[in-house]
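Chains C and Y, in that order, give the protein sequences. FYI, in the numbering used here the residues of the first sequence are -10 to 234. FYI, in the numbering used here the residues of the second sequence are 110 to 568.
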Amino acid sequence: MKPKIAFFDFAGCEGDQLQVANLEEKLLDILSHVEVVSFREVMTGHSDDYDIAFVEGSITRPEDEARIKDIRSKAKYLVALGACATIGGVNCIKNFMSPDVYKERVYGTSGRWYSTYAARPLKKVVKVDAELHGCPIDRSEFARVVKELLLGRQPWIPDYPVCVECKKAGNICRYDLGRICLGTITRAGCGACCVTEGAHCWGCRGVAPKANLDAAREAMNKNGFDHKTVRDLLRFFLGDTYAPL
Amino acid sequence: MAKVEKAKTEAAPTPLPAKGKKINVHYLTRVEGHGNIVAEIDAGGKVSVCRWEVPEAPRFFEAMLIGRNYQDVHHITSRICGICSIGHQLSSLQATEDAFGVQISEQTLLLRKLAIHAENLQSHFLHVGYLALPDFMGAASVLPLAASHKEEVLAVVACHRTANRMSDMICGRTIHPQRMVPGGFAKLPTDDDLKNLKAMLEAIVPKAKAILDVVVDVAGNIPKFHRQTEYVALVSDAEYPLYWGEIGSSKTQRRPNQLYKDVTREYCLPQSTAKWTKGVDDSYMVGALSRFNLNHDKLSHLGKEAARKLGLKAPCHNPFMITAAQLVECFHSVEDSLRIIDILLARGIRNETPAPIKTFACKGVGAVEVPRGILFHAYEYDENGRIANADCVIPTNQNHANIQRDLDALLPTLATLSEADIELKLSMLVRAYDPCISCSTHHIDLTGDSNKLVKFIRK
């Protein structure tokens, strides 16, 4: 019997599920090995009987907790999909403001109608079995992780920083160009795609377990980046992560 | 999966009124984000409830932007939406450049026009092929069609993949791209990239025509429903405007983008503390059909031909035809992209660096036609180039009221149908708008008001 998989989302842009849809022909290959029982963005129909749940987005409201716990109770295996789900991502930018302030700014006096609390990654609320990092996720990494899950293996995710892949990609170090970059501490697996495209690393894959934070701090100090610049960058994706730089 | 599947409802079943009908689509499928349709028809065939609900979690983007540096702003707003990330970036960049008085080069302008074509193509092919077409062919999703209509589905896949490759080539990535920066591009495509792109776009024209033939074949299944409304889109004397233009309307005069608030007319009602968007009257439509209605004479040759084949004539008042208008725009975008690529190739890609920016306290507005309609970003910066105030008006938010008005008009005509058929028709109507609910940075909240257009429920 084919394993049943389902997709769910909380606060997020649904870009990660779109990346799955963007697998095109490869998606059709995957579909010959699994049965998709719920994928609201793409198909009509839903079933509560599933083995693997892929969940995108952050938990941003108390009432979302009941829904994610329900999904957790039905899934044998729960995979967090993308930065909002794995590390909280951009949703956590608001965590550094007072709820009264951001509610008032966006909804005016109607703000009181909306329930919200500090955005958090899924693992702060339920047990997560595997994490697919990135904003958005990498399509080929998704295909590989699904393959590994179907083989009954715990998916392999790199634990070294983006700098390793960035060197391999042949990019000029952003610090040599006088720019700031989080590739020094961020988990690899993206192939340093943002640096390759002319930007810098934003930290969307979370802090690498083996990152040398002291060296990263030294590089930032030596190149004269002030507290505010570093803080802004750390709060882009890593607002929920303890990264003492 | 092969047979027509009824959208399941998750809500607890409640006893039906005697011979009455109750429709509860909890989480409409094949749309981006969460939306519900709730409708009830009583025993006498009278509509007692008809509601379009949006339970999406609010994300407070406009507040998150406060204090952020102008170089990071478009990367944050990009995250408003996975499908329209390029459009959000372009509108954001336009607002920032408008604020600081930055003049972009002709090459940057042409590349950005290619970027918006790429996004429209990928979003339109996704919606027409994967999300809407199954309705017209009596399927629950594109998955069973992959078996029954393999060639056509592969044509959709090919077109969609090419559009994604186009985004990759111009912007560096399909979702949340990294190349576009205030003043220009951080990395440029090469002449070879453009030549490849040209060949790829030429190759999908016959495939797009095959999709068109399928849609023309099933066009009889597109419901005949007409309701006049106001159509709002960018307009320009020069072209079928997507990247750049003035705000046009079918009911009132043109306005410069800076006056977007006069068009969207978001305001609060004293008794309901509610934010509404309305045009001249109480609702208006944005998106492919609005653009077609206002600018159809500026479509490219292939676009006009596709419209003729689909029987799409301006002004068209059938919201179900939005899907057809999207397909027409696909042809326009392919042809116009080929024209732009020829201009760029004739000039050769120049190794330009982004225009320099000097920050000062200022305001700016950006307006871009993204797949689902006109998108406004408006920023106020402080003297250090950090955001002091931000406002984003999203196409789907502008459409919510119009969706509700359409549902109100459509439902009474369906009273004699079975619940499943009513549910399908209502779902198809909302799906035609291709709503992108995760975009909703701010909602219209009308809770507590009996005249509510759109109810945003708190679970």
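Heads up, the beta-carbon is just placed ideally off N, CA and C, and yes, glycines get one too.
Roughly how many angstroms lie between the CA atoms of residue i and residue j, to the nearest whole one?
i: GLY210(Y); j: TYR179(Y); result: 13 angstroms
i: GLN380(Y); j: HIS486(Y); result: Note that GLN380(Y) scores a pLDDT of 26, beneath 50, so its modelled location is shaky and nothing firm can be said.
i: PRO167(Y); j: GLU54(C); result: 15 angstroms
i: ARG495(Y); j: GLY176(Y); result: 5 angstroms
i: GLU339(Y); j: ILE169(C); result: 48 angstroms
i: ALA434(Y); j: LEU398(Y); result: 5 angstroms
i: VAL79(C); j: GLY34(C); result: 31 angstroms
i: LYS418(Y); j: PHE28(C); result: 33 angstroms
i: ILE503(Y); j: VAL262(Y); result: 31 angstroms
i: SER198(C); j: PRO463(Y); result: At residue 198(C) the sequence reads Pro, which differs from the Ser that was named. If I take the Cα positions, the gap works out to 36 angstroms.
i: VAL26(C); j: ILE150(Y); result: 31 angstroms
i: ALA227(Y); j: ILE192(Y); result: 11 angstroms
i: ILE458(Y); j: CYS280(Y); result: 15 angstroms
i: GLY482(Y); j: ASP37(C); result: 35 angstroms
i: ASP445(Y); j: PHE294(Y); result: 21 angstroms
According to DSSP, which residues form a beta bridge with residue i?
i: PHE43(C); result: PHE(-4)(C), VAL68(C)
i: VAL25(C); result: ILE(-6)(C)
i: GLU141(Y); result: CYS545(Y)
i: TRP161(Y); result: ILE146(Y)
i: ASP500(Y); result: ALA487(Y)
i: LEU223(C); result: DSSP, once it has assigned bridges, lists no residue as partnering LEU223(C).
i: PHE294(Y); result: MET289(Y)
i: MET394(Y); result: TYR340(Y)
Run the CB neighbour count on residue i, radius 10 Å, all protein chains shown included, and call it buried at 16 or more, exposed below.
i: LYS222(Y); result: buried
i: ALA121(Y); result: Low per-residue confidence applies at ALA121(Y): pLDDT is 42, beneath 50, and the placement is therefore not dependable, though the value from the model is reported in the following sentence. Burial call: exposed.
i: SER232(Y); result: buried
i: LEU222(C); result: buried
i: THR525(Y); result: exposed
i: ALA546(Y); result: According to the sequence as given, residue 546(Y) is Ile; it is not Ala. When all chains shown are included, ILE546(Y) counts as buried.
i: ALA158(C); result: exposed
i: GLY153(Y); result: exposed
i: ARG448(Y); result: exposed
i: TRP191(C); result: buried
i: ASP89(C); result: exposed
i: HIS405(Y); result: buried
i: TRP145(C); result: exposed
i: LEU368(Y); result: exposed
i: ASN366(Y); result: buried
i: ASP320(C); result: No statement about residue 320(C) is possible, as the shown extent of chain C runs from -10 to 234 and does not include it.
i: ALA211(C); result: The sequence given here has Lys at residue 211(C), not Ala. Looking at its Cβ environment, which holds fewer than 16 other Cβ atoms inside 10 Å, LYS211(C) is exposed.
i: ASP300(Y); result: exposed
i: HIS410(Y); result: exposed
Could you list which residues in chain Y have their beta carbon closer than 8 angstroms to that of residue i, in chain order?
i: VAL79(C); result: MET173, ILE185, ARG188
i: TYR91(C); result: PHE169, ALA172, MET173
i: PHE131(C); result: Chain Y residues near PHE131(C): none, gap ~13 angstroms exceeds 8 angstroms.
i: THR105(C); result: ALA166, PRO167, PHE169
i: CYS124(C); result: ARG188, HIS285
Would you mind telling me which residues of chain C sit closer than 7 angstroms to residue i, beta carbon to beta carbon, in chain order?
i: VAL266(Y); result: GLU13, GLU14
i: TYR136(Y); result: ARG29
i: ASN178(Y); result: ASP221
Residue i versus chain Y: which residues are under 7 angstroms apart at the beta carbon?
i: LEU7(C); result: GLY191, ILE192, ILE284
i: ARG50(C); result: ALA166
i: CYS2(C); result: ARG188, ILE189, CYS190, GLY191, SER547
i: LEU17(C); result: ALA255
i: VAL26(C); result: What VAL26(C) touches in chain Y: nothing, since even the nearest Cβ is about 10 angstroms away.
i: ILE(-6)(C); result: None at all; the shortest Cβ gap to chain Y is about 13 angstroms.
Put residue i into one of helix, strand or coil per three-state DSSP.
i: TYR369(Y); result: helix
i: VAL437(Y); result: helix
i: ALA383(Y); result: Per-residue confidence for ALA383(Y) stands at a pLDDT of 32, beneath the threshold of 50, marking its modelled position as unreliable; the derived number appears in the next sentence. If DSSP states are grouped into helix, strand and coil, ALA383(Y) belongs with the strands.
i: GLY1(C); result: coil
i: VAL9(C); result: helix
i: GLU186(C); result: coil
i: LEU174(Y); result: coil
i: GLY482(Y); result: strand
i: VAL344(Y); result: strand
i: TYR179(Y); result: helix
i: ASN460(Y); result: coil
i: LEU447(Y); result: helix
i: GLU492(Y); result: coil
i: LYS130(Y); result: strand
What in chain C is Cβ-close to residue i, meaning under 9 angstroms?
i: ASN273(Y); result: ASN11, GLU13
i: GLY281(Y); result: CYS182, CYS183, THR185, GLU186, GLY187, ALA188
Taking 8 angstroms as the cut-off, does the CB of residue i come closer than this to any heavy atom belonging to the ligand ZN?
i: ARG50(C); result: Within the structure as shown, the ligand ZN is missing, as the structure has no ligands at all.
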